[in-house]
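A short write-up of the structure that comes next.
There are 2 protein chains.
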Amino acid sequence: MSAFVEPSVENQAKLAKEASLELVSMEAHQRNLALRMMASELLAGAGKILDANRLDVEDSLRAGLPQPLIKRLALSPGKINMMAKGLMEIGDLPEVVGEVVETLERPNGLVIRKVRVPFGVVGVIYESRPDVTSDAAGLCIKSANAVLLRGGKEALRTNKTICEALREGLQKAGVNPECIQLVADPDRTAALKMMTMRDSIDLLIPRGGQALIKSVVENAKVPVIETGAGNCHAYVDSAADLDMAEQIVVNAKCSNPAVCNAIETLLVHKDIANRFLPRIKAVLDSRGVRLRGCPITLKILPEIEPATESDWETEYLDLILAVKVVGSLEDAVNHINKYGTKHSETIVTQDPRAAALFQASVDAACVYVNASTRFTDGNEFGYGAEMGISTQKLHARGPMGARELTTYKYLINGVGQVR
Amino acid sequence: MSAFVEPSVENQAKLAKEASLELVSMEAHQRNLALRMMASELLAGAGKILDANRLDVEDSLRAGLPQPLIKRLALSPGKINMMAKGLMEIGDLPEVVGEVVETLERPNGLVIRKVRVPFGVVGVIYESRPDVTSDAAGLCIKSANAVLLRGGKEALRTNKTICEALREGLQKAGVNPECIQLVADPDRTAALKMMTMRDSIDLLIPRGGQALIKSVVENAKVPVIETGAGNCHAYVDSAADLDMAEQIVVNAKCSNPAVCNAIETLLVHKDIANRFLPRIKAVLDSRGVRLRGCPITLKILPEIEPATESDWETEYLDLILAVKVVGSLEDAVNHINKYGTKHSETIVTQDPRAAALFQASVDAACVYVNASTRFTDGNEFGYGAEMGISTQKLHARGPMGARELTTYKYLINGVGQVR
């Protein structure tokens with residue numbers, strides 16, 4: 001297979017565009033075969049991938065990159081197995097391309113069919129996690145899109161070996177390997193260029209920290225789906241089952257504090273604050289969570305730190321939780337709509353009217369009743385993998401699977417109609 | 420009702436956001452009542468609107484603005500009736516908000532409902548046509564969005580009287596008039612500001628000429644749906660019914676050459692070029708259409724002007740048609756995919772395989788078989804009115820009605836599930 005010379009990103013986009021036309025015209029089973037072959041080549045190439053990853057990790061340690069980044073960068077045989085399993089699962093999912101979403105028959109006899117089609121070329125700009133490389137490539141192949149992958153430079157060797165394996169898999173399935181392109185620029189030049197290539201990139205998805213996403217949103221001329229930032233809340237209503245509330249809050253904060261669907265602020269109705277706050281503090285203390293409270297919280301829990309305005313705005317991604325006592329469900333909703341990032345929000349309540357009002361009023365991609373926010377995830381939704389969690393409202397909201405990587409076109413058939 | 424003092428656009432967006440929350444929580448019949456009252460106030464205010472319009476038109480004539488712009492600006496009693504009728508029709512359309520698009524039940528018992536919801540606040544930046552004011556406001560109220568309308572400054576007096584009537588209609592239906600905001604800036608300051616107000620405008624739609632749309636796409640940080648530019652083609656296949664082809668080409672070019680769904684280039688298969696080109700020239704001549712041909716066309720029609728590269732790229736919006744003879748259907752598709760603007764494309768053919776291949780391969784919002792491209796229109800699709808024709812692939816493609824002004828959220832109900 002081709003060695004990775006460093007072609008220009010424009011040329012890569014051109015190759016991807018041409019290859020994407022083959023993808024959309026082939027039968028679905030061939031794309032699914034490609035996904036299985038990609039999985040098998042990933043497993044076959046695991047040794048090479050792990051070797052490359054070791055070098056990337058060593059360099060990153062030497063360069064003093066932060067621990068969480070290195071943790072996200074480091075692969076293991078188990079992680080590569082997971083990546084391969086993800087590709088197999090995507091291959092088994094129902095088709096998303098070619099579906100006739102709707103048929104309109106007009107009085108003049110025109111038949112208008114709305115048909116699901118791929119975007120064409122999808123660009124993904126991401127950071128250190130090499131498993132994004134295979135997830136994103138897999139979802140794009142499933143949805144008949146070619147993909148331009150631009151990962152973090154600290155993962156470049158790893159991503160090169162992963163992409164070689166994925167492209168090998170495409171080739172073995174008789175699919176043009178140019179459908180998967182790794183953009184291997186050592187600086188940001190190519191990434192910035194990708195943001196302006198309106199003619200050759202149909203959709204751009206940034207995945208990563210807030211700084212990356214902000215940079216893409218600010219600079220991009222290509223249509224973008226914003227993903228990621230999650231300043232999520234749990235609201236414990238006056239009608240909550242407090243045992244359930246405790247379990248949900250602990251799970252949503254502690255099961256993986258570094259991810260976007262973890263909660264950052266706990267809102268508690270004043271009527272149950274005296275009962276709930278001491279018990280939740282006890283269990284969160286035992287999990288190492290530091291609390292920061294509003295003035296009313298501090299009266300009940302005088303030993304914790306006070307919260308400042310910036311606490312309500314912060315995605316800690318850490319074992320820290322801001323706590324606020326609210327006077328009503330409406331106050332909780334207003335707080336969430338003011339400070340939230342439209343990601344995932346939950347209410348714990350036994351009152352169905354409170355639940356319905358919360359779900360109707362909170363402006364977020366995923367609004368939960370009596371469940372942990374941690375379920376906002378492509379796998380948990382049954383999408384096999386995800387391209388990220390969209391926090392904007394255009395096109396796709398929440399976990400994005402293969403279907404969210406499609407658009408539609410209208411096919412209109414007539415017998416000579418004119419207007 | 421409130422006089423139009425000139426509040427800041429930030430303040431208008433804030434008022435709109437607050438009012439939008441009332442819109443989404445009210446029953447659909449109240450929004451539909453509002454649409455009917457808006458129509459009735461438009462009719463009641465027709466005299467005032469026409470007076471204001473006369474002043475706008477006089478000023479524009481004095482300022483020497485181009486004829487087509489003045490034609491789009493000028494209202495008549497008939498046009499106001501049409502605007503009112505449009506609002507009534509939108510009121511009668513099926514509901515688009517609150518629909519449960521999909522329900523997923525997960526193995527862990529979580530029930531995930533995907534529910535259609537409004538964006539919140541929609542911004543519309545447009546040019547001289549005052550009927551956009553009522554169409555856009557109507558579709559936004561139908562879809563429970565508040566709207567910030569920023570029309571051309573040459574139509575400002577007209578738009579003020581129209582908005583006064585529409586807001587009066589809202590008030591008479593018991594709906595907060597702040598749902599409809601006219602941004603009345605005399606220069607581009609407020610429009611430019613709208614493009615950056617990510618926190619308060621959920622979606623921005625530019626409607627107008629290429630320069631306006633380009634400026635919005637280049638400058639906007641708010642999610643944008645690009646509308647409008649239509650470099651559309653008709654391809655007459657070797658298996659075409661030439662009578663039908665003639666009717667479709669004439670209709671698509673001549674019935675309204677100034678609009679985006681008119682064709683700009685005619686592609687003709689080489690096998691029928693000798694028969695078709697002379698007859699289509701004769702009828703287009705009689706309609707005043709000037710042709711510009713490729714070298715092969717010039718051999719058959721030596722009296723017409725030669726086409727240059729820029730002709731293939733140009734949206735004439737005028738009685739000019741570029742003509743090219745192609746060697747195959749594939750050549751036609753490649754030409755369209757290279758030069759088209761992803762708007763509307765048509766093939767005339769009696770060969771179902773050619774039709775299917777054309778529809779599968781052409782990358783455009785609307786791909787026709789044996790019909791005029793002029794049907795790409797919200798009314799023709801049964802949407803009552805339209806917010807424009809989207810030529811991008813994100814979120815909505817082709818004619819955008821009220822449904823295209825909605826997004827969705829996931830409502831997830833559990834019984835205490837944690838992950």
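Going down the list, the sequences are from chains C and P. Just so it is clear: in the first sequence, position 60 is 60 by the working numbering, and no numbers are missing. Just so it is clear: in the second sequence, position 146 is 565 by the working numbering, and no numbers are missing. Glycine included, every Cβ here is placed at the ideal spot set by N, Cα and C. The model shown is predicted, which means the values in this text are computed figures rather than measured ones.
Alpha-carbon to alpha-carbon, F794/P and N680/P | Mapped onto the second sequence, residue 680/P falls at position 261. Mapped onto the second sequence, residue 794/P falls at position 375. The alpha-carbon atoms of N680/P and F794/P are separated by roughly 8 angstroms.
Determine the contact status of A438/P and N650/P, defining contact as a CB-CB distance below 8 angstroms.
-> Within the second sequence, residue 438/P is the residue found at index 19, counting from 1. Within the second sequence, residue 650/P is the residue found at index 231, counting from 1. The answer is no: Cβ separation not under 8 angstroms.
Same chain, Cβ closer than 8 angstroms to K436/P, neighbours up to 5 away in sequence not counted | In the second sequence, counting from the first residue as 1, residue 436/P sits at position 17. Once the five neighbours on either side are set aside, the close Cβ partners of K436/P are G539, V540, A565 and S619.
Report the option in S40/C, G288/C, A364/C and H269/C whose CA atom is closest to the CA atom of K324/C.
-> Stepping through the first sequence from its first residue, residue 324/C is reached at position 324. If we check each option's Cα against that of K324/C, H269/C comes out closest.
Who are the near neighbours of G378/C in its chain, counting only those whose CB is closer than 6 angstroms to its CB and skipping five residues on each side?
-> Sequence index remark: in the first sequence, residue 378/C carries index 378 (1-based). Here the set comprises A385, E386, P399 and G401.
With distances taken Cα to Cα, identify the nearest neighbour of F358/C among I125/C, H343/C, P223/C and I336/C.
-> Locating residue 358/C in the first sequence gives position 358, where the first residue counts as 1. Comparing Cα-Cα distances from F358/C to each of I125/C, H343/C, P223/C and I336/C, the minimum goes to I336/C.
Between which two residues does the beta strand (DSSP E) harbouring K743/P extend?
-> Position 324 of the second sequence, counted from the first residue, corresponds to residue 743/P. Note, K743/P: beta strand (DSSP E), I739 to V745.
Compare the C-beta of E764/P with all C-beta atoms of chain D and state if any pair is closer than 8 angstroms.
-> Considering every chain present, this structure includes no chain D. Its protein chains are C and P.
Can you find a CB in chain C that lies within less than 8 angstroms of the CB of S674/P?
-> Here residue 674/P corresponds to residue number 255 of the second sequence, with the count starting at 1. Output row for S674/P: interface = yes.
Other residues of its chain near A28/C: CB distance less than 8 angstroms, five sequence neighbours each side excluded = One-based indexing of the first sequence puts residue 28/C at position 28. Only E95, V97 and G98 meet the Cβ criterion.
Contact list for K432/C against chain P, beta-carbon separation under 9 angstroms | A query on residue 432/C cannot be resolved here, the shown segment of chain C reaching from 1 to 419 and no further.
Are the CB atoms of A252/C and A234/C nearer to each other than 8 angstroms?
-> The sequence position of residue 252/C within the first sequence is 252, counting from 1. The sequence position of residue 234/C within the first sequence is 234, counting from 1. Yes, Cβ-Cβ distance for A252/C and A234/C is below 8 angstroms.
Specify the secondary structure class of H814/P as computed by DSSP and reduced to three states.
-> Within the second sequence, the letter at position 395 stands for residue 814/P. In the structure shown, H814/P sits in coil (DSSP, three-state: anything other than H, G, I, E or B).
Any chance you could list the alpha helix (DSSP H) runs of at least 4 consecutive residues sitting entirely within the region 581-639 of chain P, in chain order?
-> 608-613 and 629-638
Span of the beta strand (DSSP E), counted from its first residue to its last, around L43/C | Position 43 of the first sequence, counted from the first residue, corresponds to residue 43/C. Not the beta strand (DSSP E): L43/C falls in the alpha helix (DSSP H), residues A28 to A44.
Ends of the beta strand (DSSP E) at K533/P?
-> One-based indexing of the second sequence puts residue 533/P at position 114. K533/P -> beta strand (DSSP E) spans V530 to P537.
What do you get for Q449/P, buried or exposed, if any count of 16 or more other CB atoms within 10 angstroms of its CB means buried?
-> Taking the second sequence and counting its residues from 1, the one referred to as residue 449/P is at position 30. Burial call: exposed.
Beta carbon proximity, M663/P to chain C, threshold 8 angstroms | On the second sequence, residue 663/P is found 244 positions in, with the first residue counted as 1. Yes, M663/P lies at the interface with chain C (some Cβ there is under 8 angstroms from its Cβ).
Contact under 8 angstroms by Cβ, I272/C with V236/C | Numbered from its first residue, the first sequence carries residue 272/C at position 272. Numbered from its first residue, the first sequence carries residue 236/C at position 236. Yes, they are a contact pair.
Can you tell me where the beta strand (DSSP E) with Y235/C in it begins and where it stops?
-> Mapped onto the first sequence, residue 235/C falls at position 235. Counting along the chain, the beta strand (DSSP E) containing Y235/C begins and ends at C232 to V236.
Cβ contact (3+ pairs, closer than 8 angstroms) linking the region 166-183 of chain C and the region 35-54 of chain C | yes
So the alpha helix (DSSP H) V9/C belongs to, where does it begin and stop?
-> Along the first sequence, one-based indexing puts residue 9/C at 9. Counting along the chain, the alpha helix (DSSP H) containing V9/C begins and ends at V9 to S25.
Could you tell me which chain P residues have their CB closer than 9 angstroms to the CB of N370/C, listed as they occur along the chain?
-> The residue you call residue 370/C lines up with position 370 of the first sequence. Near N370/C (Cβ distances below 9 angstroms), the residues of chain P are N832, G833, V834, G835 and Q836.
For the region 642-691 of chain P, list the beta strand (DSSP E) runs that are entirely contained and at least 3 residues long, ordered along the chain.
-> 651-655 and 682-688
May I ask you to report which of helix, strand or coil DSSP gives N832/P?
-> Translated into positions along the second sequence, residue 832/P becomes position 413. DSSP places N832/P in strand when its eight states are reduced to three.
Closest by CA to A240/C, which one among A52/C, L75/C, V369/C and G414/C?
-> Here residue 240/C is taken as the residue at index 240 of the first sequence, counted from 1. Measuring from the Cα of A240/C, the nearest candidate turns out to be V369/C.
Just the C-alpha distance for E734/P and Q629/P, rounded to the nearest angstrom, thanks.
-> Reading the second sequence from its first residue, position 315 is the one you call residue 734/P. Reading the second sequence from its first residue, position 210 is the one you call residue 629/P. Going from the Cα of E734/P to the Cα of Q629/P covers about 10 angstroms.
Using a threshold of 8 angstroms, state whether the C-beta atoms of L686/P and A751/P are closer than that.
-> For the purposes of this step, residue 686/P is identified with residue 267 of the second sequence, where counting begins at 1. For the purposes of this step, residue 751/P is identified with residue 332 of the second sequence, where counting begins at 1. Yes; because the gap between Cβ atoms is below 8 angstroms, this pair is in contact.
Residue environment, G466/P, which counts as buried when at least 16 other CB atoms sit within 10 Å | As a working note, residue 466/P is residue 47 in the second sequence. G466/P is exposed by the Cβ-count criterion.
Enumerate in chain order the residues of its own chain whose CB-to-CB distance from S840/P is below 6 angstroms, with the five nearest sequence positions on each side excluded.
-> For chain P, the structure presents residues 420 to 838; residue 840/P sits outside this window and is missing.
Quick one: what does DSSP say V540/P is sitting in, helix, strand or coil?
-> One-based indexing of the second sequence puts residue 540/P at position 121. In this structure, V540/P counts as strand in the three-state DSSP scheme.
Interface residues of the region 392-411 of chain C facing chain P [CB-CB below 7 angstroms] = Q392, K393, L394, H395, R397, G398, T407, Y408, K409, Y410 and L411
Classify G340/C as buried or exposed, calling it buried when 16 or more other Cβ atoms lie within 10 Å of its own Cβ.
-> Taking the first residue of the first sequence as position 1, residue 340/C is located at position 340. Buried.
What's the gap between the Cα of R569/P and the Cα of V635/P?
-> Here the question's residue 569/P lines up with position 150 in the second sequence. Here the question's residue 635/P lines up with position 216 in the second sequence. Their backbone Cα atoms lie some 12 angstroms apart in a straight line.
Determine which residues share a DSSP beta bridge with R292/C and list them.
-> Residue mapping note: residue 292/C aligns to position 292 of the first sequence, counting from 1. DSSP output for R292/C lists E305/C and A322/C as bridge partner(s).
In the DSSP assignment, find the alpha helix (DSSP H) that holds L65/C and state where it starts and stops.
-> Looking up residue 65/C in the first sequence gives position 65. Here L65/C belongs to no alpha helix (DSSP H), and DSSP marks it neither H nor E.
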